[in-house]
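J.:
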Amino acid sequence: MVQTIQARDISLYELEEKFALQLTQDAHFFAEWTDNLPLLTEPDKLSLKRVKSNYLNLTKRRPMVTVHRID
């Protein structure tokens, strides 16, 4: 039986542990996401590199989706 897990109820860390997920640095892993894009400038590349280096560390142990309720 398939179990559905809500994104708000699990973190990236838990997914890695439960399903043995691994980060890939292969630029061609999802080539369809990068085809036909404009070229990045050097400042753009530096900025994205900094964001990339911090992103997983900041989000790894938090739920995948944050739900905001307005009462």
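Add 213 to a position in the sequence shown, counting from 1, and you land on the number used in this note's numbering.
Beta carbons: idealized from backbone N, C-alpha and C, even for Gly.
Computed from a predicted structure; not experimentally measured.
Quick one: give me the first and last residue of the alpha helix (DSSP H) that E227 is part of.
T.: L225 to F232
J.: Once DSSP output is grouped into helix, strand and coil, what is the label at P251?
T.: coil
J.: Since L234 and L228 are thought to touch, with beta carbons under 8 Å apart, how far apart are those beta carbons, to the nearest angstrom?
T.: 5 Å
J.: Tell me the DSSP secondary structure of D222 in three-state form.
T.: helix
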